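Student: Heads up: the protein sequence lines correspond to chains A and B, in order. For the first sequence, my numbering gives the first residue as 2, with consecutive numbering after it. For the second sequence, my numbering gives the first residue as 2, with consecutive numbering after it. For each residue, glycine too, the CB sits at the ideal point set by N, CA and C. Since this is a predicted model, take the numbers as computed values, not measurements.
Number of protein chains: 2
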Amino acid sequence: MIIQPSQEIQEVSVTFLPSNRSVKILPGESLIKAARNAGLHINASCGGSGVCGKCRVIVEKGDVEGAKTEKLTDEEFAEGYRQACISTISSDVTVRIPEESGAKGGVLETDVPTRHQARMHVFDLDELKKAGIFDPPVEKLCLELNSPDQSDNKADIGRVVHGLSEQYDRHRIEAGLDVLRKIRRVLREKDYLVTVTLRQSVNDRSKNQLINIQAGCWSHRNFGLAFDIGTTTVYGQLVDLNSGRVLAEAGKYNAQISYGEDVISRIVYAEKGDGLQEMSDLVVGTINEIILKLFKTAAPPYGVTEDPIDWQEINSITIAANTTMTHLLLQLEPDNIRRAPYVPVSTFFPPFRASDLGLELPHHTVALLYPSISSYVGGDIVAGVMGSGMYRTEQLTLYIDIGTNAEIVIGNQDWLVCAACSAGPAFEGGGITHGMRAATGAIEDFSINPQTYEPMNMTIGNKAPVGICGSGLLIIVSTLFEHGVLNQSGKFNKVDTPRIRTGRSGYEYVLSWQGDSGVDHDIVINEVDIENFIRAKAAIYAGAKTLIEEVGLQVSDLEQVILAGAFGSYIDLDCAMTIGLLPEVDPTKVVYVGNGSLMGTRMSELSNHIRKDVVEVVRKMTNFELSEVKTFHDQYVASMFLPHTDMSLFPNCQKRLAAVINGK
Amino acid sequence: MIIQPSQEIQEVSVTFLPSNRSVKILPGESLIKAARNAGLHINASCGGSGVCGKCRVIVEKGDVEGAKTEKLTDEEFAEGYRQACISTISSDVTVRIPEESGAKGGVLETDVPTRHQARMHVFDLDELKKAGIFDPPVEKLCLELNSPDQSDNKADIGRVVHGLSEQYDRHRIEAGLDVLRKIRRVLREKDYLVTVTLRQSVNDRSKNQLINIQAGCWSHRNFGLAFDIGTTTVYGQLVDLNSGRVLAEAGKYNAQISYGEDVISRIVYAEKGDGLQEMSDLVVGTINEIILKLFKTAAPPYGVTEDPIDWQEINSITIAANTTMTHLLLQLEPDNIRRAPYVPVSTFFPPFRASDLGLELPHHTVALLYPSISSYVGGDIVAGVMGSGMYRTEQLTLYIDIGTNAEIVIGNQDWLVCAACSAGPAFEGGGITHGMRAATGAIEDFSINPQTYEPMNMTIGNKAPVGICGSGLLIIVSTLFEHGVLNQSGKFNKVDTPRIRTGRSGYEYVLSWQGDSGVDHDIVINEVDIENFIRAKAAIYAGAKTLIEEVGLQVSDLEQVILAGAFGSYIDLDCAMTIGLLPEVDPTKVVYVGNGSLMGTRMSELSNHIRKDVVEVVRKMTNFELSEVKTFHDQYVASMFLPHTDMSLFPNCQKRLAAVINGK
């Protein structure tokens, strides 16, 4: 189920001295990454861009590539010095970390256990096929038809429908005006060799729609789009519907964001004058921009050939969003979503014509929107439950989707309960001074020298840091806390480093000085950021704990935990448990699916079975209003600490903290 | 089945002297009509407008109203003289026809049998109800819903769907964007009292569409449109879908007519440049004009109240047309309809949004098009077969629809065969010098003085004649032939009357001198008109005869004959058999349904059962290509006489001719 992206590629071995610790790593990775995986700290504040020059190591055996900037003299290079962050490992190598770069006394080497990362659950097409549910709802079928004669002069569309029945066992087919208006010419253009685009109905009882017809055979070109519309960010994928391959992925901030960071402020705006239309136009604009970007960045081959994808070849789009975002996209009045008893306009949606929604897609393209459960448990979470296979598993599963709102689902194939809690946008970079979404230059991993408190910043794309993404924030707070830089309340202790100073929002820690960063200022994290972060994690933890207890279970009953959220490429489980975001569970039970909503929409593009099942699943999901569960507020208040007021809930965290303190 | 429009009204008795023949007639009719019904001739060439003054009669007992113009002096009026054509009968009356007005010697009185008219089959809603198939596909349902609270906060649309299920047992409901976008406000406007417009799906397996929602209770206002689009004329009806009542009917020439009188010339035009778009625009324009006219002329009450109908209240439109007209309306390329092997683009059509077809109707209005059988057996004939109940009867039925093309269907509930033959537009007034469609001023009945050959013209609306409609043409030709004015080849015999003269197209008979007519010229019928007429009737007769024989039957096997065609308010069966349009059958077997296509569309507006059955019926109908049946051409040539070359096929006609000749 958990796929290592390139299992077949031979890993190479990196040995670090003086600790003599070895790790296996994929060729192409950097030495700093290898050190991180080995649990070793190397000072590095420029995010792997080679600018700060602090991460010098000495290669003692083997060699690495590209590990030099003007920060190293030719003499040093000849002596074996390399810059760890910009090195590329291609074969076995032994490297010494000099005292000035590493942590003194090998403390880290001996006392900090290897970190557990919940690896990305990579979408597995074979798994779909094995389960017999790989059946893209839109299929393209080539037909060779006989030309009409005296004894067979059925109508053009009748000929095609007959062919689909005879050659592909497809029945109950209906064609709209677009197809009828061109079918005569198309049939005769390549002597009755045609390709039809067929949209299977979502329910077995309705007709299948013949949405397009082309002259010649084009069945190898069948593309769809999967979209997750978040309050903060919108992500899209361009999918090859024959192979299931993701040809491109792109994300952008939701353009509505300038009208408020949370759903409530968007609703307030939408209630006034043309606000609803404006909100819709903004998000539609964002989607259209992402679509253009997907076309530009799609990696060939595109359905066997290298011919660029024409927008006319997009046959379907599946969209998941929270209930408010769905309402704003469709221009449904969201007014009552924010007013008790929180009544949305609709939770189910029929298939729409994508162009009717303002999307710049061909007239035949169908848009499917994921149904939602309630005003605060939206189609995004339903998409995650569907896409992750939670609804099909026997295992008792806790599913947590971390976004501006966090949603929690507990259950399995037999029952499902869900709840939403307002986490705030911290994990998406919102409300954090230098927060950003998981994009190039975002600090996504971090370590600290326990003596000097110098940082090791690792960024997405190994560029100079420009901000902090969700997964980075998690690791930074956890690491600062573990090393006594932060106390249990999230306030800075008085430790001796110039990196801690008084800023505009109280005390702050400088992750990257301006000169080492990719922006024109220092990159910091301050106490207000940390407070926002703690609020977010507390809401999620309290929500999960409350829901588990409401259904009469305990954390130890969980057989699987699925984490979702567009906050980075992986999640560090030790950190997540150290700061009390997650209850302490066996790390092997945890998978991280990244953007679960996006995954669910992609799965829907590839499996009509999932589309069919979703109605039943939504009916089955029981919604809890946390605000009405008495214990929730107490749980929340108790969770507003690192990791929690009740440390007995986090025994491993306790041990780790003790080890660090003893290490000093 | 055959309804006398006002059965409950007491008929009055009119006795004519000197023949002493009496007829019963409805109050309000004219004396000339009564004479016609009695088989008596009164000279009258002005169509009942009172202009010619030739129809003077003397009232001997009782009286009539309004029977005087300046053509009668006060003295004459005092003596009892009245103008028969403008008289109104309101009570029993005895009238003498003076020699100068009537036929001499009482010939008509004694020898011409009473005419058999196939009376209009008036659409019977009770019949639909009795058969359990009165179920308008679009229904309006009032719902009183509970307002949401903490324990019941389902989505707005969910509340309505739930209400439809609980209160009306309606399930499987889907709503589109239009409804979703307004439902929040509408629900709350009248405190959760709403009216939904529900479109039942045509097939049981698809979802029912919630197409509109209104605040308050509006179930009594539910209107639909029924349209027949002929090559020559377009007819529409505005129907109250609750009562089944026709609120208005209107017709107009199809605006395409300036591009050719038959389907072939329309197709030729549509093949060039923007021709198809133009053809579509033209007929759509005609439909839109008729819709406006229907609104203007609709007779109150409109669904209980007198409030005028708003165009937003039109919920559905059903359209029937021949295959070419259907293609042109939908902008489907008709090119192959005119080329062997005559392949249309489509014979089945999904429901369309009426506004997508260019119709000036609300966005929620659904347009249903009748399916057709082949390029030359169209949706109009299918509509007739459905609307007349032919598809549900056990009786072996011959159905003939007379239009620009004539279609013939034979069969019953178990089997159906059909064929089309090109009759030409004569019966709709096309190709006839002074032909016109059945509208005010059209001569629809006719009699001739056997001595003087003076005419009795009776027009629709009793206005001065402006032309000849189809049913009038039939009677005129038959009467001229019966009285020896025309010979068996349709040429004028040399009879002594100034009304027969040489015109621009050979010999012609003057039906109405300019002064007596409602136009600025004489109204005539000439030999070219008669030739066109004979061609038309020959094609129809030969088609019916051929089809009957192809399925191994004889005329005598027929248990029912249904005549359809928009050529007048009734059809004279004796005339139809005299000139050889119809095979000689027992007149009681014949019903005339007028515009069968229009009737079928109205029935579809009122019965979803009929919509559901139509697919099966169309599948069952076997199409014969007459041009490929060897005997057809011979039948046609043999039918190019009055009534036929083989007089033994028309024994009654033979008898009648003999009687007239003996009478002279």
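Taking 8 Å as the CB-CB limit, is proline 342(A) close to chain B?
Tutor: Yes, because at least one Cβ of chain B sits closer than 8 Å to the Cβ of proline 342(A).
Student: Can you check DSSP and say which residues form a bridge with alanine 251(B)?
Tutor: Paired residue(s): Gly237(B).
Student: Apart from the five residues just before and just after threonine 16(B), which ones in its own chain have a Cβ nearer than 6 Å to its Cβ?
Tutor: Taken in chain order, the residues that qualify are Ser23, Thr95.
Student: Distance, Cα to Cα, proline 499(B) vs alanine 45(B)?
Tutor: Approximately 16 Å between the Cα atoms of the pair.
Student: For valine 60(A) and glycine 48(A), what's the separation of their Cα atoms in angstroms?
Tutor: The straight-line gap from Cα to Cα measures roughly 21 Å.
Student: Going along chain A in order, which residues have a C-beta closer than 9 Å to the C-beta of lysine 656(B)?
Tutor: Those within 9 Å of lysine 656(B) in chain A number zero; the least Cβ separation is about 45 Å.
Student: Consider the C-beta atom of alanine 424(A) and the heavy atoms of the ligand SAM; say whether any pair is separated by less than 7 Å.
Tutor: Looking for the ligand SAM in the displayed structure turns up nothing, as the structure carries no ligands at all.
Student: Pick out the complete alpha helix (DSSP H) segments inside the segment 254 to 287 of chain A, 4 residues or longer, and give them in chain order.
Tutor: Fully enclosed alpha helix (DSSP H) runs of 4 or longer: 264 to 271.
Student: Measuring straight from C-alpha to C-alpha, what distance separates tryptophan 514(A) and glutamine 201(A)?
Tutor: When rounded, the distance between both Cα atoms is 56 Å.
Student: Among residues of its own chain, excluding the 5 on either side of alanine 539(A), which ones have a beta-carbon nearer than 6 Å to its beta-carbon?
Tutor: So the qualifying residues of the chain are Tyr637, Ser640, Met641.
Student: If we cut at 8 Å on Cβ distances, does lysine 495(B) have a partner in chain A?
Tutor: No, its Cβ sits nowhere closer than 8 Å to a Cβ of chain A.
Student: From glycine 471(A) to valine 187(B), what does the alpha carbon distance come to, in whole angstroms?
Tutor: Between glycine 471(A) and valine 187(B), the C-alpha separation is close to 42 Å.
Student: What is the residue span of the alpha helix (DSSP H) that valine 478(B) lies within?
Tutor: It spans 471 to 483 - the alpha helix (DSSP H) in which valine 478(B) sits, taken as one unbroken run.
Student: Can you say whether arginine 620(A) is buried or exposed, counting buried as having 16 or more other CB atoms within 10 angstroms of its CB?
Tutor: The residue in question, arginine 620(A), is exposed, as its Cβ has fewer than 16 Cβ neighbours within 10 Å.
Student: Should threonine 198(B) and isoleucine 212(B) be called a contact, given that it needs their Cβ atoms to be closer than 8 Å?
Tutor: Going by C-beta atoms, threonine 198(B) is nearer than 8 Å to isoleucine 212(B).
Student: Kindly indicate which three-state DSSP category tyrosine 508(B) falls into: helix, strand or coil?
Tutor: Reduced to three states, the DSSP call for tyrosine 508(B) is strand.
Student: Using the three-state DSSP reduction, which class does proline 426(A) fall into: helix, strand or coil?
Tutor: Looking at proline 426(A) - three-state DSSP - the assignment turns out to be helix.
Student: Let me know if isoleucine 10(B) comes out buried or exposed under the rule of 16 or more other beta-carbons within 10 Å of its beta-carbon.
Tutor: The residue in question, isoleucine 10(B), is exposed, as its Cβ has fewer than 16 Cβ neighbours within 10 Å.
Student: DSSP puts valine 496(A) in a beta bridge; with which residues?
Tutor: In the DSSP output, where bridge partners are listed per residue, valine 496(A) has none listed.
Student: With the cut-off set at 8 Å, would you say methionine 604(B) and methionine 387(B) are in Cβ contact?
Tutor: Cβ distance < 8 Å, so methionine 604(B) and methionine 387(B) count as in contact.
Student: Against valine 346(B), what residues of chain A qualify as contacts under a CB-to-CB distance less than 7 Å, listed in chain order?
Tutor: Here the neighbours are Ala156, Asp157, Ile158, Leu181, Ile184, Arg185.
Student: Check serine 88(A) in the structure and name its three-state DSSP category.
Tutor: Correct three-state label for serine 88(A): coil.
Student: Start and end of the beta strand (DSSP E) containing valine 367(A)?
Tutor: Where valine 367(A) is concerned, the enclosing beta strand (DSSP E) stretches over 367 to 370.
Student: Here's the rule I'm using: 16 or more other beta-carbon atoms within 10 Å means buried, otherwise exposed. How should valine 525(B) be labelled?
Tutor: Under this definition valine 525(B) is a buried residue.
Student: Closest to phenylalanine 482(B) by CA distance: which of Tyr542(B), Tyr510(B), Glu626(B), Thr233(B) is it?
Tutor: Of the candidates Tyr542(B), Tyr510(B), Glu626(B), Thr233(B), the one whose C-alpha sits nearest the C-alpha of phenylalanine 482(B) is Tyr510(B).
Student: In the segment 358 to 412 of chain B, which residue ranges form an unbroken alpha helix (DSSP H) of at least 4 residues, counting only runs that do not cross its ends?
Tutor: Whole alpha helix (DSSP H) segments, 4+ residues: 380 to 388.
Student: Compile a chain-ordered list of the residues in the segment 347 to 360 of chain A whose CB is closer than 7 Å to at least one CB of chain B.
Tutor: Taking 7 Å as the Cβ-Cβ cut-off against chain B, the residues of the segment 347 to 360 of chain A that qualify are Ser347, Thr348, Pro351, Phe353, Asp357.
Student: How do the segment 304 to 321 of chain B and the segment 592 to 609 of chain B stand: do at least 3 beta-carbon pairs fall below 8 Å, yes or no?
Tutor: Yes, they touch.
Student: Taking the alpha helix (DSSP H) that serine 166(A) belongs to, which residues open and close that run?
Tutor: 157 to 169 is the extent of the alpha helix (DSSP H) around serine 166(A).
Student: So, does the CB of serine 207(A) fall closer than 8 Å to a CB anywhere in chain B?
Tutor: It does: the Cβ of serine 207(A) has a partner Cβ on chain B nearer than 8 Å.
Student: Using a Cβ-Cβ distance cut-off of 8 Å, determine whether aspartate 336(B) contacts chain A.
Tutor: Interface residue, yes.
Student: Does DSSP put valine 13(B) in a helix, a strand or coil?
Tutor: Correct three-state label for valine 13(B): strand.
Student: Taking the Cβ atom as the reference point for each residue, do leucine 487(B) and leucine 242(B) lie within a distance shorter than 8 Å?
Tutor: No, the Cβ-Cβ distance between leucine 487(B) and leucine 242(B) is not below 8 Å.
Student: May I have the straight-line CA-CA distance separating glycine 107(A) from isoleucine 477(A), to the nearest angstrom?
Tutor: At glycine 107(A) the pLDDT is 38, less than 50, meaning the model places this residue with poor confidence; the figure from the coordinates comes in the next sentence. Approximately 21 Å, taken between the alpha carbons.
Student: Please name the residue in Ser479(A), Val661(A), Ala299(A), Asn458(A) whose C-alpha comes closest to that of serine 50(A).
Tutor: Minimum Cα distance to serine 50(A) is reached at Asn458(A).
Student: Does glutamine 151(A) have its Cβ less than 8 Å from a Cβ in chain B?
Tutor: For glutamine 151(A), the answer is yes, since a Cβ of chain B falls inside 8 Å of its Cβ.
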